[in-house]
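Novice: Our numbering numbers the first residue of the sequence shown as 12 and each following residue consecutively.
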Amino acid sequence: MGRIAEKVYTDPRDVARLERFVEELAINARVRVHTTSGVVEGVVMVTPTVQVFRDAADNEGINGTVKLEDARQPGWSGLVWLGDIERVEHLDSVTIGATRA
Numbered sequence: 012m013g014r015i016a017e018k019v020y021t022d023p024r025d026v027a028r029l030e031r032f033v034e035e036l037a038i039n040a041r042v043r044v045h046t047t048s049g050v051v052e053g054v055v056m057v058t059p060t061v062q063v064f065r066d067a068a069d070n071e072g073i074n075g076t077v078k079l080e081d082a083r084q085p086g087w088s089g090l091v092w093l094g095d096i097e098r099v100e101h102l103d104s105v106t107i108g109a110t111r112a
């Protein structure tokens, strides 16, 4: 993945929100993610991390992605920007503090 993000965050409250999503999106968790542009459902394939990115104006800040896959849609996988997430619904028992990879 490149180091360019549509939106980057520098405010400590925003960065803390992104870090909460990292904790909430445990690997192998089946989740429904509500984003600014809709809803995505799948299994968390890789533990997300926050990283340093630059936006189109070359501002440096924080964002990250989570990779989801859906067994009901073979071959489908999606990357969701942590900054676009509004809330996460857990659809199984894998929750905060569960297995990390």
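Even for Gly, the Cβ is constructed at its ideal location relative to N, Cα and C.
Which runs of the beta strand (DSSP E), 3 residues or longer, sit entirely within the segment 27 to 71?
Specialist: Fully enclosed beta strand (DSSP E) runs of 3 or longer: 41 to 46 and 49 to 65.
Novice: Classify E97 as buried or exposed, calling it buried when 16 or more other Cβ atoms lie within 10 Å of its own Cβ.
Specialist: As a working note, residue 97 is residue 86 in the sequence shown. Burial call: exposed.
Novice: Please state if the CB of V55 and the CB of V42 are separated by a distance shorter than 8 Å.
Specialist: Here residue 42 refers to the residue found at position 31 of the sequence shown. Here residue 55 refers to the residue found at position 44 of the sequence shown. Their beta carbons are under 8 Å apart, which means V42 touches V55 by this criterion.
Novice: Starting from L93, trace the beta strand (DSSP E) in both directions and tell me its first and last residue.
Specialist: By one-based count along the sequence shown, residue 93 stands at place 82. It is not in any beta strand (DSSP E) - L93 carries neither H nor E in the DSSP assignment.
Novice: Can you name the residues that DSSP bridges to K78?
Specialist: One-based indexing of the sequence shown puts residue 78 at position 67. The partner list for K78 (beta bridge, DSSP) reads V57 and L90.
Novice: Among the candidates V99, D81, D22 and L29, whose CA atom is the shortest distance from the CA of L93?
Specialist: In the sequence shown, counting from the first residue as 1, residue 93 sits at position 82. With distances taken between Cα atoms, L93 lies closest to L29.
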